[in-house]
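2 protein chains.
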Amino acid sequence: MNALKINTNRLLPFLNGFDNQQLAAEAEEARRKLIAGTGAGNDFLGWLDWPEKISHEIVEKITADVVRLTPKIKFFVVIGIGGSYLGARAVIEALQDSFALAGRGSCPVVIYAGHTLSEDYYADLMRLLDSTDYAVAVISKSGTTTEPAVAFRIIKAHMERKYGRKGAAERTIAITDAHRGALRQIALDEGYSMYEIPDDIGGRFSVLTPVGLLPIAMAGFDIEALLAGAREMREVCLNEADPQRNPALLYAMARQTALRKGYPVEMLVNFVPQLVYLAEWWKQLYGESEGKEHRGILPHSATFTTDLHSMGQYIQDGQRLMMETVLSVAKPKNSVAIPFDEKNLDGLNYLQGKTINEINHCAQEGTEMAHNTGGVPVLEIEVPEVSERTLGQLIYFFEFACGVSAYMNGVNPFNQPGVEAYKSNMFRLLGKPGV
Amino acid sequence: MNALKINTNRLLPFLNGFDNQQLAAEAEEARRKLIAGTGAGNDFLGWLDWPEKISHEIVEKITADVVRLTPKIKFFVVIGIGGSYLGARAVIEALQDSFALAGRGSCPVVIYAGHTLSEDYYADLMRLLDSTDYAVAVISKSGTTTEPAVAFRIIKAHMERKYGRKGAAERTIAITDAHRGALRQIALDEGYSMYEIPDDIGGRFSVLTPVGLLPIAMAGFDIEALLAGAREMREVCLNEADPQRNPALLYAMARQTALRKGYPVEMLVNFVPQLVYLAEWWKQLYGESEGKEHRGILPHSATFTTDLHSMGQYIQDGQRLMMETVLSVAKPKNSVAIPFDEKNLDGLNYLQGKTINEINHCAQEGTEMAHNTGGVPVLEIEVPEVSERTLGQLIYFFEFACGVSAYMNGVNPFNQPGVEAYKSNMFRLLGKPGV
Numbered sequence: 148m149n150a151l152k153i154n155t156n157r158l159l160p161f162l163n164g165f166d167n168q169q170l171a172a173e174a175e176e177a178r179r180k181l182i183a184g185t186g187a188g189n190d191f192l193g194w195l196d197w198p199e200k201i202s203h204e205i206v207e208k209i210t211a212d213v214v215r216l217t218p219k220i221k222f223f224v225v226i227g228i229g230g231s232y233l234g235a236r237a238v239i240e241a242l243q244d245s246f247a248l249a250g251r252g253s254c255p256v257v258i259y260a261g262h263t264l265s266e267d268y269y270a271d272l273m274r275l276l277d278s279t280d281y282a283v284a285v286i287s288k289s290g291t292t293t294e295p296a297v298a299f300r301i302i303k304a305h306m307e308r309k310y311g312r313k314g315a316a317e318r319t320i321a322i323t324d325a326h327r328g329a330l331r332q333i334a335l336d337e338g339y340s341m342y343e344i345p346d347d348i349g350g351r352f353s354v355l356t357p358v359g360l361l362p363i364a365m366a367g368f369d370i371e372a373l374l375a376g377a378r379e380m381r382e383v384c385l386n387e388a389d390p391q392r393n394p395a396l397l398y399a400m401a402r403q404t405a406l407r408k409g410y411p412v413e414m415l416v417n418f419v420p421q422l423v424y425l426a427e428w429w430k431q432l433y434g435e436s437e438g439k440e441h442r443g444i445l446p447h448s449a450t451f452t453t454d455l456h457s458m459g460q461y462i463q464d465g466q467r468l469m470m471e472t473v474l475s476v477a478k479p480k481n482s483v484a485i486p487f488d489e490k491n492l493d494g495l496n497y498l499q500g501k502t503i504n505e506i507n508h509c510a511q512e513g514t515e516m517a518h519n520t521g522g523v524p525v526l527e528i529e530v531p532e533v534s535e536r537t538l539g540q541l542i543y544f545f546e547f548a549c550g551v552s553a554y555m556n557g558v559n560p561f562n563q564p565g566v567e568a569y570k571s572n573m574f575r576l577l578g579k580p581g582v
Numbered sequence: 148m149n150a151l152k153i154n155t156n157r158l159l160p161f162l163n164g165f166d167n168q169q170l171a172a173e174a175e176e177a178r179r180k181l182i183a184g185t186g187a188g189n190d191f192l193g194w195l196d197w198p199e200k201i202s203h204e205i206v207e208k209i210t211a212d213v214v215r216l217t218p219k220i221k222f223f224v225v226i227g228i229g230g231s232y233l234g235a236r237a238v239i240e241a242l243q244d245s246f247a248l249a250g251r252g253s254c255p256v257v258i259y260a261g262h263t264l265s266e267d268y269y270a271d272l273m274r275l276l277d278s279t280d281y282a283v284a285v286i287s288k289s290g291t292t293t294e295p296a297v298a299f300r301i302i303k304a305h306m307e308r309k310y311g312r313k314g315a316a317e318r319t320i321a322i323t324d325a326h327r328g329a330l331r332q333i334a335l336d337e338g339y340s341m342y343e344i345p346d347d348i349g350g351r352f353s354v355l356t357p358v359g360l361l362p363i364a365m366a367g368f369d370i371e372a373l374l375a376g377a378r379e380m381r382e383v384c385l386n387e388a389d390p391q392r393n394p395a396l397l398y399a400m401a402r403q404t405a406l407r408k409g410y411p412v413e414m415l416v417n418f419v420p421q422l423v424y425l426a427e428w429w430k431q432l433y434g435e436s437e438g439k440e441h442r443g444i445l446p447h448s449a450t451f452t453t454d455l456h457s458m459g460q461y462i463q464d465g466q467r468l469m470m471e472t473v474l475s476v477a478k479p480k481n482s483v484a485i486p487f488d489e490k491n492l493d494g495l496n497y498l499q500g501k502t503i504n505e506i507n508h509c510a511q512e513g514t515e516m517a518h519n520t521g522g523v524p525v526l527e528i529e530v531p532e533v534s535e536r537t538l539g540q541l542i543y544f545f546e547f548a549c550g551v552s553a554y555m556n557g558v559n560p561f562n563q564p565g566v567e568a569y570k571s572n573m574f575r576l577l578g579k580p581g582v
């Protein structure tokens with residue numbers, strides 16, 4: 148069963164009657180378009196049925212690669228950018244130890260490359276890899292996207308020096324196009340373990356394909372549960388036409404209403420730093436899907452209570468530009484209570500025996516109230532816990548709602564024409580042949 | 148000499164004639180108000196002269212604490228939130244190894260607490276601290292701010308179990324009010340090494356006081372050079388009335404013009420992930436100083452090229468809401484060049500011998516051109532490198548420009564009345580005595 152709840156109590160006073168019949172009809176039309184494949188970008192709808200369609204062989208192959216490599220490595224380098232980076236990182240950071248890089252766990256520590264052109268980052272990375280054992284996943288449809296191609300060329304050379312050509316090949320996994328492309332050719336030549344990126348699933352919708360599943364499994368997490376969560380949410384999204392029973396419809400309606408009522412910014416807020424990269428993934432999903440034709444909601448994010456001592460002042464009292472969407476987690480995995488202190492100089496004995504999470508929830512409730520009073524419409528999305536299953540639900544929920552929302556706003560959710568602009572300038576400046 | 152340069156070429160077409168006499172007069176009036184101490188919030192202007200005024204004894208005491216603790220510890224836990232957290236983290240992350248947490252350096256690794264109420268974060272932290280040697284700085288004017296007070300109570304109890312009361316006291320540094328407060332009392336009772344937070348310097352302007360200097364020095368960086376950079380920029384800011392020679396005036400004028408011309412959002416963009424926390428520090432500085440009375444520019448940030456494959460589409464083609472400020476770094480610390488590859492399947496041989504940074508700079512130039520074409524005013528702030536000295540310059544530059552900008556917008560830059568709203572709700576919900 149779907150365990151995700153939407154709370155609109157702190158939204159309704161600002162978006163008066165947003166869940167009316169007219170808007171519900173718009174959302175339902177968008178939902179039908181998505182399901183029937185009759186909208187713009189309909190050759191990129193593979194993600195809709197993927198959690199049902201994924202073959203068991205893929206999961207088994209991933210498991211085999213994890214079992215094969217885990218004893219040999221301390222670090223697993225994931226080379227990718229955008230949709231070949233953010234989804235895996237979002238799930239891994241949500242689930243792993245906050246100090247995973249300190250390397251005390253039994254699973255490989257996933258680190259990232261190909262997502263930046265910082266020379267110092269690569270110098271630091273190569274020094275780390277000099278002194279440790281590692282393997283690599285390189286994720287790119289074409290194999291020629293500049294950032295990951297540069298990273299892979301450097302790391303491939305490093306691996307071949309360190310492990311020999313055969314040893315390097317055994318430690319490299321390629322996730323790429325099924326039929327064509329440079330990376331596919333390299334992987335075939337070298338004999339890498341290979342996975343396909345389905346043709347009909349775009350980067351930002353690909354986290355439940357091998358693009359995300361392989362790194363997530365390598366970090367030690369349960370990809371079957373992740374997929375099961377996505378399937379649960381898929382049932383709801385595909386079958387419920389009533390927004391009160393379909394959180395994706397309600398979310399899409401809320402944000403489109405906010406946009407029309409003059410709130411051009413949506414801030415996705417969480418109260419635990421483990422979800423920072425889920426917000427980064429969300430920013431790509433919504434920013435790339437909706438930010439076109441001079442339209443769309445500008446995605447922003449914050450982590451509370453940290454940023455209540457930073458962006459909090461602006462949210463409370465600055466220009467009234469934003470709707471706030473709070474991603475709320477009911478229960479943490481651990482329990483840490485406030486100890487008693489005889490002297491009580493800090494005055495915290497009134498909290499003695501309370502868990503930190505109880506205090507965090509009072510902070511959250513207090514924040515939502517305060518922002519509401521200050522003129523911020525607040526939507527709450529609650530999950531019972533952060534787990535593979537709830538993350539699978541959240542991922543599918545956000546993807547489906549994104550499609551609905553973009554269709555409601557009259558744009559194609561599945562293209563990203565603006566991403567090419569900087570690239571073509573860059574190629575010209577770099578003197579790329581043929582540009 | 149001040150090495151920071153402002154480039155307005157990609158701003159002028161959008162903010163036509165923004166550097167006119169009228170606006171320059173406004174900026175100059177704000178600058179004079181700041182220097183003369185005649186504006187709102189003038190009891191919090193201690194940061195203006197601090198880099199000149201800081202006594203050599205403070206730097207010596209910090210050095211002594213670093214020398215005393217470094218051989219004994221692997222981790223140094225900095226407990227603080229907002230201005231007692233972001234400044235130190237901004238400088239440390241800008242300068243340290245990208246994988247510092249993996250612990251291969253000779254200096255203590257700085258980690259953070261008291262900036263969150265995530266129960267899982269504390270569970271992870273306490274597991275880490277169980278198995279390693281550490282010391283702590285607790286940073287709070289009052290000692291009763293909930294987040295750091297909760298963290299310190301838990302960590303203090305842990306230290307006293309692990310090292311005994313005396314051992315714990317030797318490993319604890321308190322940075323707090325000079326005259327009053329709970330933390331001051333605890334520190335006196337226990338005999339901690341103590342530093343004062345000047346009365347006339349607010350949290351978000353405090354990074355060059357012991358609040359930032361102590362953690363930065365503990366991480367192994369040169370705080371004398373940081374202060375020297377700030378002094379260089381102070382000379383410029385205090386003495387130059389001509390915006391063409393005073394980058395802080397030019398920056399304040401540019402952003403106030405953008406705001407008035409209908410760009411309510413400013414995105415601070417960098418091209419190296421090491422500057423992510425400098426952007427977080429900047430968000431607090433500007434968001435808290437300007438976001439009041441339903442006014443001010445909404446701060447946002449992105450890291451490129453990473454986020455060109457995420458927020459890039461929105462910036463290029465979404466609603467025209469934002470001005471973009473690019474923090475540009477001319478040279479990296481390291482050199483990593485693209486190797487030759489015989490097969491050249493990835494097609495990158497045209498880049499062979501180029502450094503990654505050369506590619507990054509073409510990406511930056513290409514991005515600025517593309518965003519300009521798409522309708523985004525772009526301001527560039529360039530530093531020759533990321534070092535203690537240039538960070539000191541940047542910090543003072545941003546602080547001074549912030550004061551000027553807020554005065555130009557008619558608000559008090561030095562208060563933060565909106566931060567209290569969530570706290571008072573939270574205290575009521577927690578049943579705090581006397582609330």
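Listed in order, the protein sequences are those of chains H and E. For the first sequence, this note's numbering assigns the number 148 to the initial residue and increments by one for each residue that follows. For the second sequence, this note's numbering assigns the number 148 to the initial residue and increments by one for each residue that follows. Yeah, the Cβ is synthetic: ideal placement off N, Cα and C, and Gly gets one too.
Check: Given this structure, state the Cα-to-Cα distance separating V283 of chain E from F223 of chain E, to the nearest angstrom.; Outcome: 6 Å
Check: Three or more C-beta pairs closer than 8 Å, one from the stretch 486–497 of chain E and one from the stretch 434–443 of chain E: is that the case here?; Outcome: no
Check: How would you list, in chain order, the residues of chain E whose beta-carbon sits under 8 Å from the beta-carbon of K579 of chain H?; Outcome: Y497
Check: With a 10 Å radius around its C-beta and 16 neighbouring C-beta atoms as the bar for buried, classify V383 of chain E as buried or exposed.; Outcome: buried
Check: If we call anything under 8 Å between Cβ atoms a contact, is A377 of chain E one with G539 of chain E?; Outcome: yes
Check: Looking only at its chain, what residues have a beta carbon closer than 6 Å to the beta carbon of F418 of chain E, apart from the 5 residues adjacent to it on each side?; Outcome: F451, N507 and Q511
Check: I want to verify the contact list: residues of chain E whose CB lies under 7 Å from the CB of I503 of chain H, in sequence order.; Outcome: L264, E266, Y269 and V297
Check: Would you identify the three-state DSSP class for Y281 of chain E, choosing helix, strand or coil?; Outcome: strand
Check: In the DSSP assignment, find the unbroken beta strand (DSSP E) run with M400 of chain H in it and report its ends.; Outcome: That residue, M400 of chain H, is in no beta strand (DSSP E); its alpha helix (DSSP H) goes P394 to R407.
Check: Looking at C-beta atoms only, is the number of pairs between the stretch 361–368 of chain E and the stretch 227–239 of chain E that lie closer than 8 Å three or more?; Outcome: yes
Check: What residue from E:V530, E:D196, E:V214 and E:E317 has the CA that sits closest to P255 of chain E's CA?; Outcome: E:V214
Check: Where do the ends of the alpha helix (DSSP H) carrying L495 of chain E lie?; Outcome: First-last for L495 of chain E: undefined, no H or E at that position.
Check: Could you have a look at I228 of chain H and say whether DSSP puts it in helix, strand or coil?; Outcome: coil
Check: Using a C-beta cutoff of 8 Å, does E440 of chain E count as contacting chain H?; Outcome: yes
Check: Quick one: is S300 of chain H near chain E, going by C-beta distance under 8 Å?; Outcome: Checking the sequence, you will find Arg at residue 300 of chain H rather than Ser. Yes - at least one Cβ of chain E is within 8 Å of the one on R300 of chain H.
Check: Using only CA atoms, which one of H:G193, H:V285 and H:G186 lies nearest to V225 of chain H?; Outcome: H:V285
Check: List the endpoints of the continuous beta strand (DSSP E) containing Y342 of chain H.; Outcome: S340 to I344
Check: Quickly, what does DSSP pair A260 of chain E with across the bridge? List them, please.; Outcome: E:I226
Check: Here's a check: name, in chain order, each residue in its chain whose Cβ is nearer than 6 Å to the Cβ of A321 of chain H, leaving out the five neighbours to either side.; Outcome: V285, L330, A334, Y339 and M341
Check: Which of the three DSSP states is assigned to I182 of chain E in this structure?; Outcome: helix
Check: What is the DSSP secondary structure of N167 of chain E, counted as helix, strand or coil?; Outcome: coil
Check: Enumerated in chain order, which unbroken segments of the alpha helix (DSSP H) with a length of 4 residues or greater are wholly contained in the stretch 432–493 of chain H?; Outcome: 459–464
Check: Using a Cβ-Cβ distance cut-off of 8 Å, determine whether C509 of chain E contacts chain H.; Outcome: yes
Check: Measuring only the C-alpha atoms, how far is G311 of chain H from Y268 of chain H?; Outcome: 25 Å
Check: Alpha carbons only, please: which of H:K303, H:G522, H:E317 and H:A174 is nearest the one belonging to L385 of chain H?; Outcome: H:A174
Check: Between the Cα of I228 of chain E and those of E:G188, E:D190, E:V354 and E:L170, spot the shortest distance and give me the residue it belongs to.; Outcome: E:V354
Check: Leaving out the 5 sequence neighbours to the left and right, which residues in its chain are closer than 8 Å to A517 of chain H when beta-carbon positions are compared?; Outcome: Q463
Check: Interface residues of chain H around V587 of chain E at Cβ under 8 Å?; Outcome: The displayed coordinates of chain E run from 148 to 582. Any statement about residue 587 of chain E would go beyond what the structure contains.
Check: Is it true that the CB of G261 of chain E sits closer than 8 Å to the CB of Y497 of chain H?; Outcome: no
Check: Quick check on the burial criterion: 16 or more other C-beta atoms within 10 angstroms. Buried or exposed for S202 of chain E?; Outcome: exposed
Check: Please list the partners that Q635 of chain E has in chain H, where partner means a Cβ-to-Cβ separation under 7 Å.; Outcome: There is simply no residue 635 of chain E to check, as chain E begins at 148 and stops at 582 in what is shown.
Check: How far does the alpha helix (DSSP H) with V238 of chain E in it reach, from first residue to last?; Outcome: L233 to L242
Check: Please report the distance separating the alpha-carbon of L495 of chain E from that of V582 of chain H.; Outcome: 14 Å
Check: Per DSSP, what are the beta-bridge partners of D324 of chain H in this structure?; Outcome: H:I344
Check: Kindly give me the distance between the Cβ atoms of H447 of chain H and M470 of chain H, rounded to whole angstroms, as I take these residues to be in contact under 8 Å.; Outcome: That belief does not hold up - the Cβ atoms of H447 of chain H and M470 of chain H are roughly 10 Å apart, past 8 Å.
Check: In chain H, which residues lie with their C-beta within 7 Å of the C-beta of M573 of chain E?; Outcome: C509, A510 and G513
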